[in-house]
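Numbering (the working numbering), first residue to last: 1 to 181. Remarks on the structure that follows.
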């Protein structure tokens, strides 16, 4: 009698586990179907990695491939340009996607992302640029905001440098500190 009761309890456990597995399989099937439908919608809209996007970043016009902006999967930057939010993005009077970011910082990030496919480690420092402390702060904040902090290396220790060329001297004439990143 005791053995029959134990056997029945084990059978009940197996049936409950089987029901849970079947329920989870149904949930996964629904998620897969939703993902397939979303991909079809995005394809119908014409969203592709090789799309060239015209941007207005803080008043500066830039053109960039969607693939460059979406290469860091899971980042806020990739999410913005995934195509899912295409209709929600702000546009300027010329139809360019408007981003209210510091243009210099965004250009530094963009240069880094453009170099990334050629870097085997996929964790690159930005091209060397001379920045004032306020620009360096804006750059670090934008890297963090866009979710690129694990991919784009921002300097924790920076070195003070002086302008080297006449152009540098002219650009930074009113600044006393210069940093190279």
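Don't be surprised by glycine CBs; every beta carbon is placed ideally from N, CA and C.
Between the CA atoms of residue j and residue i - distance to the nearest angstrom
i           : j           : result
residue 65  : residue 22  : 42 Å
residue 70  : residue 116 : 12 Å
residue 111 : residue 25  : 43 Å
residue 148 : residue 101 : 15 Å
residue 188 : residue 8   : Residue 188 cannot be examined here, being either before or after the span of the chain that is shown, 1 to 181.
residue 60  : residue 154 : 23 Å
residue 3   : residue 17  : 21 Å
residue 76  : residue 36  : 22 Å
residue 13  : residue 5   : 12 Å
residue 82  : residue 131 : 30 Å
residue 138 : residue 31  : 39 Å
residue 19  : residue 114 : 49 Å
residue 191 : residue 95  : For residue 191 there is no data in the structure shown, the boundaries of the chain being 1 and 181.
residue 140 : residue 99  : 17 Å
residue 150 : residue 78  : 14 Å
residue 152 : residue 88  : 27 Å
residue 72  : residue 144 : 13 Å
Residue range of the unbroken beta strand (DSSP E) whose run includes residue i
i           : result
residue 101 : Unbroken run through residue 101: none, as it is neither H nor E.
Short Cβ contact (9 Å threshold) for residue i with residue j
i           : j           : result
residue 74  : residue 103 : no
residue 109 : residue 53  : no
residue 34  : residue 50  : no
residue 90  : residue 80  : no
residue 27  : residue 84  : no
residue 142 : residue 106 : yes
Where the alpha helix (DSSP H) containing residue i begins and where it ends
i           : result
residue 136 : 133 to 145
Whole-number beta carbon distance between residue j and residue i, since they are thought to touch under 8 Å
i          : j          : result
residue 47 : residue 86 : 7 Å
residue 56 : residue 29 : Contact flag wrong, Cβ pair sits at about 42 Å.
Closer than 9 Å to chain C by CB, residue i
i          : result
residue 22 : This model lacks chain C altogether, as it is built from one protein chain only.
(message) At 4 residues or longer, what runs of the alpha helix (DSSP H) sit wholly inside the region 3 to 81?
(response) 66 to 70 and 76 to 80
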